[in-house]
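Reading through the structure tokens given below for one structure.
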Amino acid sequence: MQETSDGLWGLFFSAFISSTIAPGGSEAVLAYLVSEGHYQAEFLVIVASIGNTLGAMTTWGLGMLAAKKFPVPAFLPEKKQNALNVVKKRGLWVLFFSWLPVIGDALCFAGGWLKLPLLPACIIISSGKFARYAVIAWLFL
6 MQETSDGLWG
16 LFFSAFISST
26 IAPGGSEAVL
36 AYLVSEGHYQ
46 AEFLVIVASI
56 GNTLGAMTTW
66 GLGMLAAKKF
76 PVPAFLPEKK
86 QNALNVVKKR
96 GLWVLFFSWL
106 PVIGDALCFA
116 GGWLKLPLLP
126 ACIIISSGKF
136 ARYAVIAWLF
146 L
């Protein structure tokens with residue numbers, strides 16, 4: 006039982022870290038756990054989605070804190086400036102794509118920087134994360 010519990014915590018932390026400052030392999034961990042069959046795929050998708058959403062909201066919060074200290078976008082690296090412009094232009098709904106590699110973290114950071122409403126941002130971000138993990142789980146069933 007301890008081994009399977011460790012797998013769940015590994016999935017959660019891998020998903021969390023994958024959505025913050027460090028790249029992670031949460032998709033590979035999810036695919037492995039789904040293929041092992043110790044847990045229902047739906048449960049694994051929920052665990053991964055929660056971890057990844059919490060990581061994204063951490064990045065969102067860092068963006069909000071950065072905006073207070075450095076209110077001029079000129080301080081941002083080019084990647085985050087691009088994300089800031091996309092979020093300004095497209096609005097809150099672009100956060101659905103926060104699951105995308107590389108740009109997803111920047112979108113969450115930009116959402117925080119722009120002080121987008123927390124609850125709608127969290128719901129949209131979690132929807133995108135859930136959809137991505139559901140597709141991965143389905144592929145490895």
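Quick note: the sequence shown uses the working numbering, first residue 6, plus one each step.
Backbone N, C-alpha and C define an ideal beta-carbon position, used for all residues, glycine too.
Given the structure is predicted, the values throughout are model-derived calculations rather than measurements.
According to DSSP, is A27 part of a helix, a strand, or is it coil?
coil
For A33, does the count of other Cβ atoms within 10 angstroms reach 16, so buried, or fall short, so exposed?
exposed
Helix, strand or coil for I21? Go by DSSP, reduced to three states.
Residue 21 is actually Phe in this sequence, not Ile. Helix, per DSSP.
Between the alpha carbons of F145 and K73, how many angstroms are there, rounded?
43 Å
Is any heavy atom of the ligand COA found at a distance shorter than 6 Å from the C-beta of E47?
Of the ligands one can find in the structure shown there are none, so the ligand COA has no counterpart to examine.
Looking at G68 and G117, is the spacing between their C-beta atoms short of 7 Å?
yes
Can you say whether W14 is buried or exposed, counting buried as having 16 or more other CB atoms within 10 angstroms of its CB?
exposed
Own chain partners of V39 with C-beta closer than 7 Å, once the 5 adjacent residues on each side are dropped:
A46, L49, A142, F145, L146
Per-residue burial, N57 [other beta carbons within 10 Å of its own, 16 or more giving buried]
buried
Could you tell me the alpha carbon to alpha carbon distance between P10 and H43, rounded to whole angstroms?
One detail in the question is off: residue 10 reads as Ser in this sequence, not Pro. One C-alpha to the other measures close to 10 Å.
CA-to-CA distance, A61 to I130, given in whole angstroms
Near 8 Å, if we compare the C-alpha coordinates of A61 and I130.
Is W118 close to chain B? Criterion is C-beta to C-beta, closer than 7 Å.
Judged by its chain identifiers, the structure shown contains no chain B, having just a single protein chain.
Distance CB(L112)-CB(L123) smaller than 7 Å:
Against a cut-off of 7 Å, the Cβ pair of L123 and L112 comes out as no contact.
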